[in-house]
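Asker: Residue numbers (this note's numbering), protein chains in the order written: chain S, 3 to 334; chain R, 3 to 300.
My questions all concern the structure below.
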């Protein structure tokens, strides 16, 4: 198992390099040099050139890319153009808001999506099933920003119950959490329903029923436990989408999180900041997917056995690290 | 006598099976939600397509007429007017032209790019597969909307850059779906047969692999149009997409947000337009998936 984790971590390396390259390439398409962006259109060309030289912008593209990669692995994402603070500090100071928003809304979508999905599968073609599937279809097509406006209209303007912007109290999080949770509810509900429908028709569930175990235990202990794996994957993937979705939610509700920072730095053309955030989000997503793969092994002993078997053959064929490094060399 | 009847029945069954495209089409026609989706989408597309017959683009959608601002719905202005006295109904119609066209164009391009990569990865396997999929995984790891924002920010908020931004988001999923569909048919006997008489790989892919693996790709494409429309509306909503005064649904919503206190009605129409369009495409996609593979239907 440890070997599997190490190998997956090593395999993250080429992916990270590719992500950095993609992000670096895209942001380098921005017209104008950093000096010009920092000093404004009226600055003297000499001063602009001086700043460009200082930031290493006068080097060719690949040299800047290599520099950036080296700095990233040192934990240095550069400095923002405008506040001149380290990018990583800005990200860390803003991250808790976004993280809370994502975790709460994911939790919220799980407690709504999973039970609804299970019930619609257990009572297929009943009213609950009908409502559940309709809800899943509707939630998937309602634009979050529109739903946010509707919520603001009712809860802030009409009923005056919830604040519509800021993050000073926990009440400020209610509407953003609901809005961010919408698409996640839809996909979790769908996934739970599909996998539950599959497991509930399997032989061991029939056996459990034949033994006379009460229905609740059959559903939650025998069927649900086995249907959980794909749902876990979907939850993990939704964490990625949710983090991305916070951009729009945060800009509507003026939550001072990473999403708002993204939009502001894009408006200011603060390229190091934009790159830093995109990179940070992508790394977070990769790590979460890795965690889920590891979680899989603990949830399902069969998967752990395949991991362990692979590890054993790897050890037999030569040291594991040599193989991994050879593999990375082949890829890069 | 009974034997003969059975033979005839079996023959009929075989004959029916001979045209799978027709069979899929018949199943699609029988699927209620898919038909609702098709009808809704046709209505929306037709209304947007024939918008010039009903309203005038410059007079109703662009020209500001401050005397008529915030008018309630009336026979003259079906959905009322917005903050600049422009007819909301006309703007919704023309917004549909932009949103649906952009959604289809970006889906088409990303289907071609992602599909090509997926076919290469699925048909050749091994090294090409590993390299392509590694790159696709990297793109997939970048949160879609943030990546799109970064692209729009770098290239500038123009319509063509908006298309690039959202289509890049969808390339990996097209590549993945095409790849798994291609792998599903790559070992089929007819492919082997084609290989034995030395058909070129290009011909094998074009004539045998593609037609047989197109189904899931088309299903994904119909849903992807909806995703793209919503993503572009979202980008326009935060000011990073289509720029005013062009009528676009997301942009109209962000304008409605400014006047949410005075005229909340303004935000319902563009929202409903997005929801109905996305809903119709999703219903159609779901129905098509069931029609293509009845086994999958639960």
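Backbone N, C-alpha and C fix where the C-beta goes; we use that ideal spot for every residue, glycine too.
Let me know the secondary structure DSSP gives residue 32 of chain S once reduced to three states.
Answerer: coil
Asker: Under 8 Å Cβ-Cβ, which residues of chain A neighbour residue 113 of chain R?
Answerer: Looking at the structure shown, chain A is missing, and the protein chains on hand are S and R.
Asker: Is residue 131 of chain R helix, strand or coil by DSSP?
Answerer: helix
Asker: Tell me which residues of the segment 133–146 of chain S have at least one Cβ-Cβ distance to chain R shorter than 9 Å, keeping chain order.
Answerer: 139, 140, 142, 143, 144, 145 and 146
Asker: Report yes or no: do the segment 109–127 of chain S and the segment 235–252 of chain R share at least 3 C-beta pairs separated by less than 8 Å?
Answerer: The segment 109–127 of chain S vs the segment 235–252 of chain R: no contact.
Asker: What is the rounded straight-line gap between the Cα of residue 137 of chain R and the Cα of residue 224 of chain R?
Answerer: 24 Å
Asker: Look at residue 275 of chain R and residue 251 of chain R and say whether their C-beta atoms are less than 9 Å apart.
Answerer: yes
Asker: Specify, as a first and last residue, the run of the alpha helix (DSSP H) that residue 109 of chain R falls within.
Answerer: 90–126
Asker: Classify residue 208 of chain S: buried if its beta carbon has 16 or more other beta carbons within 10 angstroms, exposed otherwise.
Answerer: With fewer than 16 Cβ atoms within 10 Å of its Cβ, residue 208 of chain S is classed as exposed.
Asker: Go ahead and pull the three-state DSSP assignment for residue 213 of chain S.
Answerer: coil
Asker: Taking 9 Å as the cut-off, decide whether the C-beta atoms of residue 217 of chain R and residue 174 of chain R are in contact.
Answerer: Going by beta carbons, residue 217 of chain R and residue 174 of chain R fall outside the 9 Å limit.
Asker: Kindly say whether residue 205 of chain R, judged by its beta-carbon, lies nearer than 9 Å to any beta-carbon of chain S.
Answerer: At a cut-off of 9 Å, the C-beta of residue 205 of chain R has no neighbouring C-beta in chain S.
Asker: Using a beta-carbon distance cut-off of less than 9 Å, what residues from the segment 157–168 of chain R approach chain S?
Answerer: 157 and 158
Asker: Please tell me whether residue 185 of chain S and residue 142 of chain S are closer than 9 Å, where the distance is taken between their beta carbons.
Answerer: yes
Asker: Sort R:271, R:39, R:144 and R:112 by Cα distance to residue 75 of chain R and report the nearest one.
Answerer: For residue 75 of chain R, the nearest C-alpha among the options comes from R:271.
Asker: Figure out for me which residue from S:126, S:79 and S:102 has the closest Cα to the Cα of residue 282 of chain S.
Answerer: S:79
Asker: Helix, strand or coil, according to DSSP, for residue 314 of chain S in the structure here?
Answerer: Note: residue 314 of chain S maps to helix in three-state DSSP.
Asker: Is there at least one Cβ from chain S nearer than 9 Å to residue 197 of chain R's Cβ?
Answerer: no
Asker: Report back the beta-carbon spacing between residue 199 of chain S and residue 301 of chain S to the nearest angstrom; my notes put them in contact at under 8 Å.
Answerer: Between residue 301 of chain S and residue 199 of chain S the Cβ distance is about 20 Å, and since that is not below 8 Å, they are no contact.
Asker: I'd like the span of the alpha helix (DSSP H) that includes residue 24 of chain R, first residue to last.
Answerer: Counting along the chain, the alpha helix (DSSP H) containing residue 24 of chain R begins and ends at 22–32.
Asker: Looking at the C-beta of residue 177 of chain S, does it have a partner C-beta in chain R at a distance below 9 Å?
Answerer: no
Asker: Taking residue 2 of chain R as the query, report the chain S residues whose CB atoms sit under 7 Å from its CB, ordered along the chain.
Answerer: Chain R is shown only over 3 to 300; residue 2 of chain R falls outside these bounds and no answer can be derived.
Asker: Counting C-beta neighbours from all protein chains within 10 Å, is the total for residue 31 of chain S 16 or more, i.e. buried, or is it exposed?
Answerer: exposed
Asker: Which word fits residue 223 of chain S, buried or exposed, when buried means at least 16 other C-beta atoms lie within 10 angstroms of its C-beta?
Answerer: exposed
Asker: On the DSSP bridge assignment, give the partners of residue 81 of chain S in chain order.
Answerer: S:88
Asker: Assign residue 208 of chain R to buried or exposed, taking buried as 16 or more other Cβ atoms, counted over all protein chains shown, within 10 Å of its Cβ.
Answerer: exposed
Asker: So for residue 83 of chain R, helix, strand or coil by DSSP?
Answerer: strand
Asker: If you count every other CB in all the chains shown that lies within 10 Å of the CB of residue 155 of chain R, and 16 or more means buried, which is it?
Answerer: buried
Asker: Any beta-carbon of chain S closer than 9 Å to the one on residue 281 of chain R?
Answerer: Chain S, which has a Cβ nearer than 9 Å to the Cβ of residue 281 of chain R, makes this yes.
Asker: Output, in sequence order along the chain, the residues in the segment 264–282 of chain S whose CB is closer than 9 Å to any CB in chain R.
Answerer: 264, 265, 267, 268, 269, 271, 273, 276, 277, 279, 280 and 281
Asker: For residue 69 of chain S, I'd like the list of residues in its chain whose CB is within less than 7 Å of its CB, leaving aside the five on either flank, ordered along the chain.
Answerer: Scanning its chain for C-beta atoms nearer than 7 Å, with the 5 sequence neighbours on each side dropped, one finds around residue 69 of chain S the residues 58, in chain order.
Asker: Tell me the rounded alpha-carbon separation between residue 42 of chain R and residue 120 of chain R.
Answerer: Spanning the two alpha carbons is a distance of roughly 32 Å.
Asker: Give the residues of chain R in contact with residue 287 of chain S, contact being defined as C-beta atoms less than 9 Å apart.
Answerer: 142, 143, 144 and 145, listed in chain order.
Asker: Residue 80 of chain R to residue 49 of chain R, Cα distance in whole Å?
Answerer: Looking at the two C-alpha atoms, the distance is approximately 14 Å.
Asker: In this structure, how does DSSP classify residue 62 of chain S when only helix, strand and coil are distinguished?
Answerer: coil
Asker: Quick one: Cα of residue 265 of chain S to Cα of residue 46 of chain R, how far?
Answerer: Each residue's alpha carbon lies about 32 Å from the other.
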